[in-house]
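Okay, so here's the structure we're looking at.
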Amino acid sequence: TYVVTENCIACKYMDCVEVCPVECFYEGENMLVIHPDQCIDCGICEPECPAAAIHSDTEAGLHAWLDLNRHYAQIWPRIHEKRPPPADADIMNGAAAKMAIFSE
Ligand code: SF4
Ligand code: F3S
């Protein structure tokens, strides 16, 4: 599966939503997650994210993010269409320690 990681927080560009063939993204207040059981591992979304926040779980060190994606995909609503990102998305792209501003 692919997972959404920290740099999505407060960027939420949603380009990923437009390309996913199975619409397996779920929306929180300032981040999206992927449902690990619905993702078909196609990899299309990874290069589309302007924040480079999407990674394959075959990469090392992503267990906590996989758990977070699985957890919130069961709570947050499924998202089907891209909307404009937050006005300060480009400013927040690459900001440090974004988990501190993660919003459930
Ligand atoms: Fe969707 Fe493919 Fe990305 Fe999985 S890897 S979230 S199926 S676009
Ligand atoms: Fe987040 Fe990137 Fe999608 S910033 S909303 S994972 S395009």
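Start counting the sequence shown at 2; every next residue gets the next number (UniProt numbering). A virtual CB, placed ideally from N, CA and C, is assigned to each residue, including glycine.
- Here DSSP, grouped into helix, strand and coil, assigns R79 to strand.
- Across the set D91, L33 and F103, the C-alpha of L33 shows the shortest separation from the C-alpha of P78.
- N94 is a Cβ neighbour of A52, given a cutoff of 7 angstroms.
- Secondary structure note for L67: its alpha helix (DSSP H) is the uninterrupted segment H64 to A74.
- DSSP, read as helix, strand or coil, puts E47 in helix.
- Three or more Cβ pairs drawn from the region 14 to 32 and the region 58 to 77 lie within less than 8 angstroms of each other, which places the two stretches in contact.
- Sequence-distant partners of E47 (beyond 5 residues in either direction) whose C-beta falls short of 8 angstroms from its own C-beta, in its chain, are Y3, I55, H56 and S57.
- Contact annotation: C21 and C50 have beta-carbon atoms that are not nearer than 7 angstroms.
- Burial state of H36 is buried, judged by a 10 Å Cβ sphere holding 16 or more other Cβ atoms.
- At least one heavy atom of ligand 2 sits closer than 6 angstroms to the Cβ of A54.
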